[in-house]
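K.L.:
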Ligand code: HEC
Ligand code: HEC
Ligand code: HEC
Ligand code: HEC
Ligand code: HEC
């Protein structure tokens, strides 16, 4: 009888051992500042439920299979079934709608290399009190989780599990951030600046600042202004424009973006010269863009890419000088150059049938002016 009882007991214990994977919302109880920022960032919006641009592209690539899930829905429980199309995304599952979740990011133990993309090695094995990794010197104890420091959260290597490189299904590499990355590249320093406030609610006052989790990037007007530095000079009908890439990566990381410098000269409020009229591609030097070609050499979206039709980029922390031959300028003429950024190149937006205003809109970065004396 006792024996039967203990078996029964064992069974109930193992049934209860199915521990809930921590949702991002569960962190809010203690890390309210970080949670608020995280919610406003692109990471929790990464899945096809919350990012229309991504969802549209996913359907173009494959209506049934969701191979993108490894990076865009990394916390899902049924990764294999999702990637192979055996199971479909389910908006009632928080492990799917959470996107790049707090817990997913904080239990990445190591990063492995693979030609298609890097792989995040998960530390989680269903523990009741899981371990989160970070970079704090001596984290205080918490009832919710153990804390452990881990080198990759300091060197920014933790970002590379998803941000390094990616091949399409044909095996062609459609993006590579890694070529410009070494352990000195401070992704965290630029994208997670120190912010004043508490890390953890109950420890109010124990630490005065924490690292921001807004992860601002090309969706932020403020960050776009920090992308490049522009310099102008004029001598003997020659206008010189210097474009300095201030970022820790190439100007184009995601191959569907479009970024360029538009330069105009005005005399008595009339435009007398510009580096291009309508299409920025007419000034290839000042335009940063990637256009892929398919098997027939025709312009195509990343999924059908086999090579480049056009590849204009500028490496991390480097600069280029463009010299324009312009009309002879006179006193009072004004030269103005403006940095312009698009989430999606309008040419590709048309190809993909994307029309949503907030995705196709243009964003303005820094401007530089020169008045002829
Ligand atoms: C190896 C990881 C990885 C895989 C796999 C992956 N992506 Fe991404 N994706 C990213 C990262 C990282 C970004 C952010 C890059 C940036 O902004 O430069 C991103 C951004 C995007 C964006 C831009 C979203 C926006 O709102 O601006 C689109 C669209 C996109 N991915 C589509 C896809 C599709 C479709 C697939 C699957 C066929 C896919 N991705 C697979 C890592 C990945
Ligand atoms: C019951 C409160 C509580 C909850 C809930 C909680 N934490 Fe924490 N967490 C703490 C405390 C306390 C610390 C230590 C803070 C300090 O040292 O200043 C901490 C520290 C951390 C650290 C830093 C670890 C290090 O070594 O650098 C990370 C990362 C972290 N928590 C992630 C999470 C995530 C992700 C969640 C949600 C899944 C979560 N926490 C939920 C209380 C909590
Ligand atoms: C588990 C995968 C994953 C990890 C790890 C990860 N990211 Fe991301 N990140 C993404 C995806 C996917 C997106 C694109 C979300 C979207 O637009 O749909 C993204 C978006 C971003 C953006 C916003 C870009 C924009 O379009 O404005 C920044 C900035 C960023 N990540 C920086 C980082 C940094 C820094 C780290 C390391 C601390 C990191 N990420 C770690 C997957 C990841
Ligand atoms: C010196 C500062 C700096 C460093 C270092 C840096 N970034 Fe950025 N990054 C920026 C700025 C500024 C932008 C926004 C401007 C833009 O995207 O044109 C940006 C944009 C991005 C974007 C969105 C780009 C796009 O066009 O889709 C991603 C993703 C990103 N960074 C990830 C990373 C990762 C991963 C690392 C580390 C390998 C890193 N960043 C290192 C400054 C930096
Ligand atoms: C894209 C990956 C990513 C996501 C998503 C993310 N974090 Fe972090 N977090 C980091 C990294 C990297 C650090 C360490 C930065 C450093 O100090 O070098 C960090 C630091 C922390 C710390 C320590 C604070 C400090 O000042 O060092 C806490 C606590 C934390 N995260 C909690 C959270 C919570 C809670 C969420 C969700 C609301 C979250 N994180 C989402 C990457 C992430």
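Residue numbers (this note's numbering): 1 to 373. Note that the Cβ used here is the ideal one computed from N, Cα and C, for glycine as well.
Indicate the three-state DSSP secondary structure (helix, strand or coil) for residue 316 in the structure shown.
P.N.:
Of the three classes helix, strand and coil, the one that applies to residue 316 here is coil, per DSSP.
K.L.:
Taking the straight line between their C-alpha atoms, what separation do you get for residue 407 and residue 143?
P.N.:
Absent from the model: residue 407. The displayed extent of the chain is 1 to 373, so no value can be given.
K.L.:
So residue 257 and residue 333 are in contact, right, with Cβ under 8 Å, and what is the actual spacing, rounded?
P.N.:
No, residue 257 and residue 333 are not in contact; Cβ-Cβ is about 32 Å, not under 8 Å.
K.L.:
For chain C, check one thing: does any of its Cβ atoms lie closer than 8 Å to the Cβ of residue 86?
P.N.:
Here chain C cannot be found, since the structure has a single protein chain.
K.L.:
What do you reckon, is the C-beta of residue 140 under 7 Å from a heavy atom of ligand 2?
P.N.:
Correct: residue 140 has its Cβ closer than 7 Å to ligand 2.
K.L.:
So residue 40 is in the alpha helix (DSSP H); what residue range does that whole segment cover?
P.N.:
First-last of the alpha helix (DSSP H) with residue 40: 32 to 40.
K.L.:
Considering only C-alpha positions, which residue in the set 235, 151, 222 and 353 is nearest to residue 326?
P.N.:
Of the listed residues, the one whose Cα sits closest to residue 326 is 235.
K.L.:
Taking buried to mean at least 16 other C-beta atoms within 10 Å of its own C-beta, is residue 353 buried or exposed?
P.N.:
The residue is exposed, with fewer than 16 neighbouring Cβ atoms inside 10 Å.
K.L.:
Does DSSP put residue 84 in a helix, a strand or coil?
P.N.:
Reduced to three states, the DSSP call for residue 84 is helix.
K.L.:
Report all residues for which the CB-ligand distance to some heavy atom of ligand 6 is below 5 Å; order them along the chain.
P.N.:
The model on display carries ligand 1, ligand 2, ligand 3, ligand 4 and ligand 5 but not ligand 6.
K.L.:
Return the bridge partner residues of residue 221 from the DSSP annotation.
P.N.:
The partner list for residue 221 (beta bridge, DSSP) is empty, contrary to what the question assumes.
K.L.:
With DSSP as the reference, please indicate the residues paired to residue 175 in a beta bridge.
P.N.:
In DSSP, residue 175 forms a bridge with 166.
K.L.:
Could you check whether the Cβ of residue 31 sits closer than 7 Å to any heavy atom belonging to ligand 5?
P.N.:
Yes - ligand 5 has a heavy atom lying nearer than 7 Å to the Cβ of residue 31.
K.L.:
Could you check the C-alpha separation between residue 96 and residue 103 for me, to the nearest Å?
P.N.:
Spanning the two alpha carbons is a distance of roughly 13 Å.
K.L.:
Keeping to the same chain, check which residues put their C-beta closer than 6 Å to that of residue 183; ignore five residues upstream and five downstream.
P.N.:
Contacts found: 155.
K.L.:
Take residue 237 and list the residues in its own chain whose beta-carbon comes closer than 8 Å to its own, dropping the five residues that flank it on each side.
P.N.:
So the list reads 325, 326, 327, 328 and 329, once near-sequence residues are dropped.
K.L.:
Take residue 359 as the anchor and find which of 88, 146 and 220 has the nearest alpha-carbon.
P.N.:
Selected option, being the one with the closest Cα: 220.
K.L.:
Please list the terminal residues of the continuous alpha helix (DSSP H) segment that includes residue 154.
P.N.:
Run containing residue 154: none; DSSP gives neither H nor E here.
K.L.:
Pick from 230, 210 and 298: whose alpha carbon is nearest that of residue 319?
P.N.:
With distances taken between Cα atoms, residue 319 lies closest to 230.
K.L.:
How close, in whole Å, do the beta carbons of residue 307 and residue 298 come, if the pair is a contact with beta carbons under 8 Å?
P.N.:
Residue 307 to residue 298, Cβ: 11 Å. No contact.
K.L.:
I want to check one thing, is the minimum distance from the CB of residue 177 to the heavy atoms of ligand 5 below 7 Å?
P.N.:
No, since every heavy atom of ligand 5 falls outside the 7 Å radius drawn around the Cβ of residue 177.
K.L.:
Measuring only from the beta carbon, is residue 253 closer than 7 Å to any heavy atom that is part of ligand 1?
P.N.:
Correct: residue 253 has its Cβ closer than 7 Å to ligand 1.
K.L.:
Using C-beta distances below 7 Å, list every residue in its chain close to residue 118, excluding the 5 sequence neighbours before and after it, in chain order.
P.N.:
Here the set comprises 111, 112, 160, 161 and 164.
K.L.:
For the stretch 51 to 121, list the alpha helix (DSSP H) runs that are entirely contained and at least 4 residues long, ordered along the chain.
P.N.:
Here the runs fully enclosed are 52 to 61, 69 to 72, 79 to 84, 94 to 97 and 102 to 106.
K.L.:
How would you call residue 90, buried or exposed, if buried means at least 16 neighbouring beta carbons within 10 angstroms?
P.N.:
That one is exposed.
K.L.:
Indicate whether residue 227 and residue 313 have their beta-carbon atoms separated by less than 8 Å.
P.N.:
Not closer than 8 Å, so no.
K.L.:
Check each candidate in 179, 290 and 107 and name the one with the smallest Cα separation from residue 125.
P.N.:
Nearest option by C-alpha distance: 107.
K.L.:
Please determine whether the Cβ atom of residue 249 lies at a distance below 7 Å from any heavy atom of ligand 4.
P.N.:
Answer for residue 249: yes, Cβ within range of ligand 4.
K.L.:
Leaving out five residues before and five after residue 370 in sequence, what residues of the same chain have Cβ atoms less than 6 Å from its Cβ?
P.N.:
These residues qualify, in order along the chain: 232 and 335.
K.L.:
Residue 295 and residue 309 - do their beta-carbons sit closer together than 8 Å?
P.N.:
Cβ atoms of residue 309 and residue 295: not closer than 8 Å.
K.L.:
Count the CB pairs spanning the stretch 166 to 184 and the stretch 192 to 211 that are closer than 8 Å, and state whether there are at least three.
P.N.:
Segments in contact, no.
K.L.:
Mind checking which residues open and close the alpha helix (DSSP H) that includes residue 348?
P.N.:
Where residue 348 is concerned, the enclosing alpha helix (DSSP H) stretches over 346 to 352.
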